[in-house]
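First comes the structure, then the notes that go with it.
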């Protein structure tokens, strides 16, 4: 088809655009095209299955879009007429006009309009320049007594009125009943003006831009009617062209099946090659045949839909439509019929011409693999394996839990593409003795897994105890005599799936994971949104109204509650909505009078009466909405520019202080904070270090060699040494004082190469500038420059250690439960307070945890109120915050939560994350090694500390599945430069984090 359209049809284009070709020539050229299509390059004599007139229809009308040359010739010649009317100043037009003359008027078509410029070439009454018809047809009564029926538009325009006004002229005064007609005429032409600098020109109404096109005129001239072809299904861009052509032939019923061959005079026995039961026709072999039905049923199982197939191919394709399955899955669904047609036809030909036997497995495998390959361009979510393709289909919102389980079984068996020695036995209604018989029949050679979809009766459950069951987390007595949760491998079982069966949203005892909040939010039946000053409340229930619910509202500004109340709403019917204008809501006056920087409105729906599953007052839905900003926030200014920064340099220590209030000590060689005291209490003992690593999650490990962890470790992100390349400080008496530090991140083990004048690969360069104010505030400006070939980073931020007594945390951000960038929709922005121990999430297998997203400010204090305040600064967005008694390395080391060790519980062990400073004796370079790993020493007892992470960026957790790297792209952290600023301040019980947050430093 490409060769016909681009070559055979185009060879005569030049001549057809200049001359009227004879009919015999056009018919001869079209015959060559037909013979080439059906007979190939040798123009072999083969049956022409579809009429040429049908093939020349547009694709939407059932054709192939081949153009009839005679009609195309007329459309091309008409283009010269159009150019002659519009291109008045071109040389060729002036030559023709001078030689042959030019008559007044011109050719007319209802599809031609006029664009008025100076009005000298367009008739006011008789040309179509205003609306969809001429004024003489729209106003026949006024036209009857117009003073000049042949007047140009320019003659009806009065230039004396400044910009000019319309002044139509009539031969007599108006009667009373004609005044309305005149007013209607003036309303139509009122908005139009003449432009004396522009020429009048023609407009082609069949195109949006008004420019004539051969294509549009061809469509008008070729006005034959066809059939309504499902073009998006047959000519699907995901499907190979030859398959699309076959589907088109099948739609017309012109495939050379046995019944078609008999019509053409072949003496053949008509019997379906697949089922050997019915006569072969295109409708039978592609739709009705029992063997083809296997593929249709498989397709419906993959997408989780119920479908009754029509009788014919044409009806099937015409009625094929998508469901609520997402845009990308719908494209795959639209490609599926063509895939089934092609696979069935290829299998039929293999049996008919190669004398092979029918293989149902081969039929299934071919269908699934073809659909998978064709869908790769649609999914576009990185390398997608066949099993990953099943998982992607299973995420369709139209899949019920039962159908998703069926899809899981399809995925597990993978149509014998994966040779696994086990059987899957699943029945919805079956006697227990039948299950035992099935197990015993297979037990000699293969393990049989039985999945019960429905299970009841005590006798059955009692007999189940005779069989090994292990799809759960099990309690096991540990070395300490206590019971702990165990998983695959803890019982000496090899092989095993480790903690794969523990990856739910609850612990085995049904204690809730933090992810449950997100699940509840996604499932909540009351949806609330704010758009264009309208608050919309939608009841997504199918059968229940909101009669049994009470709605309440709360408005907060910068974390402070401004007001709350009950929302009076009418009963919202199922699948219905109710809208409230924002300005008419009870919260509007509070929002309008508040001076806060940001405001949040929270709408909550609670049950008024208890039910069988929950008590009265249960929150059914809770949605928080960020309200529009009223004005730019202007914070309070601390005027401290006259206050000097008291400081001194003592050896390798730079000390800043305010007597009996605060004291900060920097290491002059490494640029790190060695000590920070507030009110004489040490609050920070190590910091601040760049950090780009996190304790891997199960999802991080998913994918084997392609996992995020494998890529991170291959890039040495888990084993970095940060080298202090330079550390400089301005005059200690300046205000404020600036301390600039440059770190180079290189793989651990290569840090000494600098002393040998070698050039190790620098994976990350981090520039940190500390600005120290006389108030004790520090502004830390960080600029991160990663190597461009690094994989997506786990995090971009800083870490430091606080004294163990600094255990009270208060923050303004998402909470109160654990949340991360791609799992925070359920968490509301507010001010929350917890101690460090309560923030920790005791996952059975320790991983990255305890994070809080979108944190604006946070305070770390002891019981007396002494501590440190931290917040984003300048234009930096809210940060990810984490505080834990367990270091990142400790979370990564432990395989069970009971193995985690706090610092004050360690005897004879150095801290798992320590900082080792090595001064290069040959250059002014200091090596900051972090972490040093697990080492042993004698008689070492270490204090516990709190490890704090403040992240500018933190990679999402993922979770579409746990066996492939599938974090969505917008939650990845590409290896590109980043800049962010953090404010650190001493804090006491006399001041709150909110007070500091509302203040601003002034240089």
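In the numbering used here, the protein residues as written are 996 to 1998. All C-beta atoms in this analysis are idealised placements derived from N, C-alpha and C, irrespective of residue type, glycine included.
Cβ-based neighbour list, residue i, same chain, cut-off 7 Å, excluding 5 preceding and 5 following
i, result
"residue 1174", "none"
"residue 1573", "1532, 1564, 1565, 1567"
"residue 1415", "Residue confidence for residue 1415 is low, a pLDDT of 36 falling below 50, so the modelled location carries little weight; the figure read from the coordinates is stated next. Hits under 7 Å: none found."
"residue 1131", "1120, 1121, 1138"
"residue 1680", "1670, 1796, 1798, 1940"
"residue 1539", "1569"
Top-ranked residue by Cα proximity to residue i, from the options
i, options, result
"residue 1549", "1310, 1093, 1824, 1539", "1824"
"residue 1783", "1968, 1867, 1669, 1869", "1968"
"residue 1989", "1880, 1805, 1848", "1805"
"residue 1684", "1369, 1591, 1662", "1662"
"residue 1981", "1655, 1735, 1777", "1655"
"residue 1834", "1215, 1777, 1876", "1876"
"residue 1740", "1673, 1711, 1023", "1711"
"residue 1785", "1312, 1112, 1970", "1970"
"residue 1716", "1760, 1701, 1700", "1760"
"residue 1695", "1366, 1295, 1958, 1084", "1958"
"residue 1552", "1537, 1584, 1593", "1593"
"residue 1165", "1146, 1142, 1771", "1142"
"residue 1966", "1977, 1972, 1954", "1954"
"residue 1329", "1349, 1599, 1298, 1220", "1298"
"residue 1370", "1700, 1790, 1738, 1232", "1232"
"residue 1962", "1675, 1787, 1831, 1854", "1787"
"residue 1999", "1126, 1860, 1845", "Since the first and last residues shown for the chain are 996 and 1998, residue 1999 lies out of range."
"residue 1623", "1309, 1334, 1596, 1083", "1596"
"residue 1860", "1512, 1842, 1699, 1803", "1803"
"residue 1309", "1144, 1590, 1225, 1830", "1225"
"residue 1944", "1892, 1790, 1502, 1305", "1790"
"residue 1682", "1863, 1598, 1781", "1863"
"residue 1947", "1871, 1893, 1890", "1871"
"residue 1584", "1273, 1557, 1515", "1557"
Other residues of its chain near residue i: CB distance less than 6 Å, five sequence neighbours each side excluded
i, result
"residue 1745", "1755"
"residue 1643", "1650"
"residue 1200", "1106, 1108"
"residue 1736", "1666, 1722, 1763"
Helix, strand or coil at residue i according to DSSP, with G and I counted as helix
i, result
"residue 1437", "Caution applies to residue 1437, whose pLDDT of 45 falls short of 50 and renders its modelled position unreliable; the value that the coordinates give is listed next. If DSSP states are grouped into helix, strand and coil, residue 1437 belongs with the helices."
"residue 1944", "strand"
"residue 1676", "strand"
"residue 961", "Since the first residue shown for the chain is 996 and the last is 1998, residue 961 is missing from the structure and cannot be characterised."
"residue 1042", "coil"
"residue 1600", "strand"
"residue 1384", "helix"
"residue 1594", "strand"
"residue 1014", "coil"
"residue 1167", "coil"
"residue 1199", "strand"
"residue 1021", "helix"
"residue 1239", "helix"
"residue 1477", "coil"
"residue 1356", "helix"
Close beta carbons around residue i, own chain, < 8 Å, minus the five adjacent residues each side
i, result
"residue 1293", "1359, 1362, 1363, 1405"
"residue 1152", "1114, 1159, 1160, 1161, 1162, 1189"
"residue 1332", "1228, 1242, 1311, 1312, 1315"
"residue 1025", "1047, 1063, 1064"
"residue 965", "Outside the displayed range of the chain (996 to 1998) lies residue 965, so it cannot be described from this structure."
Contact test: residue i Cβ vs the ligand ATP heavy atom, cutoff 7 Å
i, result
"residue 1798", "Summarising the ligand content, the structure contains no ligands, and the ligand ATP is consequently not present."
key: Completely contained beta strand (DSSP E) runs for the region 1805 to 1854, where each covers 3 or more residues   = 1823 to 1830, 1847 to 1850
query = Is the region 1716 to 1726 touching the region 1798 to 1805 in the sense that three or more CB pairs, one from each, lie closer than 8 Å?
reply = no
message = Please give me, in chain order, every unbroken run of the beta strand (DSSP E) with length at least 3 that falls completely inside the region 1678 to 1728.
response = 1715 to 1724
task = Would you check if there are 3 or more beta carbon pairs closer than 8 Å linking the region 1039 to 1059 to the region 1181 to 1188?
result = no
task = Could you tell me whether the region 1642 to 1658 touches the region 1669 to 1676, using the rule of 3 or more Cβ pairs below 8 Å?
result = yes
task = Mind listing, in chain order, the continuous alpha helix (DSSP H) runs of no fewer than 4 residues lying wholly within the region 1251 to 1307?
result = 1253 to 1258, 1285 to 1298
task = Report yes or no: do the region 1813 to 1827 and the region 1857 to 1867 share at least 3 C-beta pairs separated by less than 8 Å?
result = no
ask   = Does the count of Cβ pairs from the region 1516 to 1536 and the region 1607 to 1623 closer than 8 Å reach three?
value = yes
query = Any contact of the region 1592 to 1606 with the region 1539 to 1549, i.e. 3+ C-beta pairs under 8 Å?
reply = yes
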